[in-house]
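Working notes, structure below.
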Amino acid sequence: MNVNFLNTPKRTHAAIVTAVRGLSARMAARHIARKAALLSTAVVLACGASMAQADDADHPADKPIQVGSDFGLAPWMMRTANGPEGFGVDLSNEVAKRIGRPGVNINDINFSGIFPALFSKRIEFTVAPIGITAARAEKMLFTEPIVATGNGFLVKAGVKMSGFADLKGKVIAVNRGTNGDTWATANADKYGFTVQRYDVFPDTIQAVLTNRVFATINEIPSVEFAASKNKSVTVAYEDYDGRNFGFAFRLGDEAYRDKVETAIECMKSDGTLVKLWKKWYGSDPKQGSAIYTIYPGYGAPGMSGYEEKTHMLACKS
Amino acid sequence: MHQLISNFFNLAILQQAFPVLLSGFKYSIAVAVLTIGGGIGFGLVLTIIRCLEMRVLNAFIAFYIDVFRTLPQLVVIVLIYFGMPYAGVTPSPLVTVTVGLGAILSAFASEIFWSAIKALPRGQWDAAYALGFGYFRTLFSIVLPQAIRLAVPLLTNRALAVSKGAALGTAVALPETLGQAESLIGTLANASPLTLAAGFYLLLFVPLVIASRWLERRYGEVSR
């Protein structure tokens with residue numbers, strides 16, 4: 000006997016529909032409750048697991064290291080068709096090899112964005128040439144000094160500068176957020192110059208070339224290299240003020256910082272670091288400067304975040 | 000959560016950043032006002048020229064509009080700032096940003112006015128001619144007032160979108176609010192100045208948004 004559903008009397012029809020709806024509602028409710036229970040268990044387990052592995056989650060052993068740098072600073076880091084290359088790239092690859100990670104992924108972040116990227120865990124540490132200062136050391140952990148630097152003044156070829164007094168009445172370009180920016184902002188009134196701030200180093204060089212500014216300030220190695228590659232600009236003045244570059248880590252990441260620093264100290268002791276410098280900068284680094292010196296303890300001496308733990312150098316060759 | 004507050008809403012840093020950002024605020028205001036005024040004004044002029052129906056002029060105007068509607072704002076600004084010195088003219092950051100954004104807004108405004116004129120019923124023109132009005136008298140006394148009313152909501156929308164490009168002035172050394180904030184972020188290693196810059200931008204643009212809604216309500220009622 001075929002019961003054609005559509006031909007059943009109206010009241011029966013309504014009753015069947017309600018019954019089916021009720022049944023399916025109950026089944027649906029049970030189904031949802033089961034799913035919710037599974038989901039909440041999964042969430043709780045995941046939270047527990049992630050809390051236990053918080054450190055490893057930030058530095059997963061099987062993935063390439065996530066680091067960040069500005070790609071416009073030759074020859075520390077330069078953009079090419081196959082990705083970045085430069086002193087900083089080779090340095091990061093060496094570090095990755097020595098701490099046992101499968102490689103390095105360098106994110107292109109310009110200077111103003113690099114600390115937010117570090118604090119929001121987008122990168123594990125910075126590999127840009129960042130000057131170690133007391134103000135920054137309060138907010139992040141630095142490795143020991145890697146390379147010495149200071150303020151270098153880049154001018155158009157043929158222009159002379161003998162001292163800061165020559166800056167009076169001139170315009171200076173700086174790379175926003177760098178130590179050059181800080182120095183220029185602090186000393187603009189003292190020496191009587193005005194400041195133009197650009198987002199990246201190549202723009203500051205353009206400003207020099209188009210006569211918008213008298214000079215641009217940046218880290219000494221960067222300006223020396225720019226001058227060696229571009230005959231229209233020269234380095235007019237160098238001010239080695241005891242500043243050094245280091246890698247920056249988040250506060251609380253001491254163990255990881257110590258691991259990376261050990262790798263760097265090994266590179267200093269077996270001469271790899273100096274060899275890389277000569278390869279990219281073409282000259283010998285300043286004698287007795289940070290690139291030759293292995294500092295005791297972990298971190299930058301005299302800055303917050305420094306630990307006096309003397310440790311023996313255990314290097315894999 | 001605590002991390003978020005100390006990195007983006009750090010009170011000590013906000014206090015330190017406030018006067019610095021305030022000094023850049025006048026540039027943001029200047030760019031917004033000049034861009035909107037100049038852009039819409041020049042756009043209207045371009046549309047009126049288009050109404051002359053001269054083929055050569057129309058071709059130039061069409062080219063101008065297509066170029067400036069399609070190029071990204073940052074590209075226009077950077078090209079003017081870094082390219083023009085090689086042609087002998089060295090525009091300052093403020094002039095660069097105002098001219099660049101003004102050109103872009105004028106291209107959009109011109110298209111908006113043109114489509115508003117075309118959207119008016121043909122009967123308006125016919126009636127005016129029947130009453131003995133000439134072409135330009137019709138245009139200025141009858142058609143344009145109605146067309147501008149039609150165009151107001153589209154214009155305010157576009158004006159806000161383009162004048163926000165004042166923030167792109169940081170790429171060409173314009174010392175406005177966002178640029179000052181970025182400097183401080185790098186120096187102080189904290190992103191709170193960015194939050195403060197966002198607050199300043201809201202302070203500048205929310206009144207503009209309110210004003211645009213008032214304009215739309217007052218003039219946008221087109222009775223048919």
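So the sequence lines, in the order shown, correspond to chains A and B.
FYI, in numbering that gives the first Met the number 0 the residues of the first sequence are 0 to 316.
FYI, in numbering that gives the first Met the number 0 the residues of the second sequence are 0 to 223.
All C-beta atoms, glycine included, are put in the ideal place defined by N, C-alpha and C.
Complete beta strand (DSSP E) runs within the region 129–214 of chain A (minimum length 3 residues, chain order) = 146–155, 170–174 and 193–197
Going along the region 103–131 of chain A in order, which residues come within less than 7 Å of chain B, judged by CB to CB distance?
-> Within the region 103–131 of chain A, the residues whose Cβ lies closer than 7 Å to some Cβ of chain B are F110, S111, F114, P115 and F118, listed in chain order.
Which stretch, first to last residue, makes up the beta strand (DSSP E) that contains A:M77?
-> M77 to T79
What distance in whole Å lies between the Cβ atoms of B:Q145 and B:L119, which are believed to be in contact at a cut-off of 8 Å?
-> Contact between B:L119 and B:Q145 holds: CB atoms are separated by about 6 Å, below the 8 Å threshold.
Per DSSP, cross-strand counterpart(s) of A:E125 | Sequence inspection shows Thr at residue 125 of chain A; the Glu mentioned does not correspond to that position. Answer is A:G67.
Do you know whose CA, among A:D180, A:A289, A:A225 and A:L208, lies nearest A:E264's CA?
-> A:A289
DSSP state of B:R49 mapped onto helix, strand, coil = helix
Alpha carbon to alpha carbon, what distance is there between B:P92 and B:A115?
-> 34 Å
Taking A:R248 and A:Y255 to be in contact with their CB atoms under 8 Å, please state how far apart those CB atoms are, rounded to whole angstroms.
-> Note that residue 248 of chain A corresponds to Phe in the displayed sequence, not to Arg. Indeed, because the Cβ distance is near 6 Å, the residues count as touching under 8 Å.
Spatial distance of B:L207 from B:V77 (CA atoms) = 27 Å
Test item: CB-CB of B:S27 and B:F199 under 9 Å = yes
Beta-carbon proximity of A:F163 to A:D252, cut-off 9 Å | no
Which residue from B:I184, B:L43, B:V66 and B:P71 puts its Cα closest to that of B:A150?
-> B:L43
Does any C-beta atom of chain B lie closer than 9 Å to the C-beta of A:A226?
-> With a threshold of 9 Å between beta carbons, A:A226 makes no contact with chain B.
What are the boundary residues of the alpha helix (DSSP H) that includes B:I79?
-> Q72 to G82
So who's on the other strand from A:V234, going by DSSP bridges?
-> A:L153
Start and end residues, beta strand (DSSP E) containing A:E84 | G82 to E84
Would you mind telling me which residues of chain B sit closer than 8 Å to A:D188, beta carbon to beta carbon, in chain order?
-> Near A:D188 there are no residues of chain B at all, since even the closest Cβ is about 14 Å away, more than 8 Å.
So what does DSSP say about A:F118, is it helix, strand or coil?
-> helix
B:A127 and B:V66: beta carbons closer than 9 Å?
-> The answer is no: Cβ separation not under 9 Å.
Can you give the Cα-Cα distance for B:F7 and A:L140, rounded to whole angstroms?
-> 19 Å
Presumed contact (8 Å Cβ cut-off) between A:A183 and A:I129, rounded CB distance | By a beta-carbon distance limit of 8 Å, A:A183 does not contact A:I129. Their separation comes to about 17 Å.
Output yes or no for whether 9 Å exceeds the beta carbon distance between A:A80 and A:K228.
-> no
Going along chain B in order, which residues have a C-beta closer than 8 Å to the C-beta of A:A134?
-> T186, L187 and A188, listed in chain order.
Can you tell me the Cα-Cα spacing of B:V205 and B:F17, whole angstroms?
-> Distance between the alpha carbons of B:V205 and B:F17: 19 Å.
Could you tell me whether the Cβ of B:L20 comes closer than 9 Å to any Cβ of chain A?
-> no
What does a CB cutoff of less than 6 Å around A:G149 pick up in its chain, not counting 5 residues either side in sequence?
-> I219, D238, Y239, D240 and R242.
Taking only beta-carbon atoms, is A:D57 less than 9 Å away from chain B?
-> no
Among all the DSSP beta bridges, which residues are the ones paired with A:V103?
-> A:I64
Please check if any C-beta of chain B sits within less than 9 Å of the C-beta of A:D202.
-> yes
Name the DSSP bridge partner or partners of A:A247?
-> Note: A:A247 sits in a beta bridge opposite A:F141.
Exposed or buried, B:Q2, counting other C-beta atoms within 10 Å across all chains shown (16 or more means buried)?
-> exposed
For the alpha helix (DSSP H) that B:P206 lies in, which residues bound it at each end?
-> S191 to Y218
Can you tell me the Cα-Cα spacing of B:L21 and B:K117, whole angstroms?
-> 44 Å
Determine, using beta carbons only, whether A:A156 and A:K230 come nearer to each other than 9 Å.
-> yes
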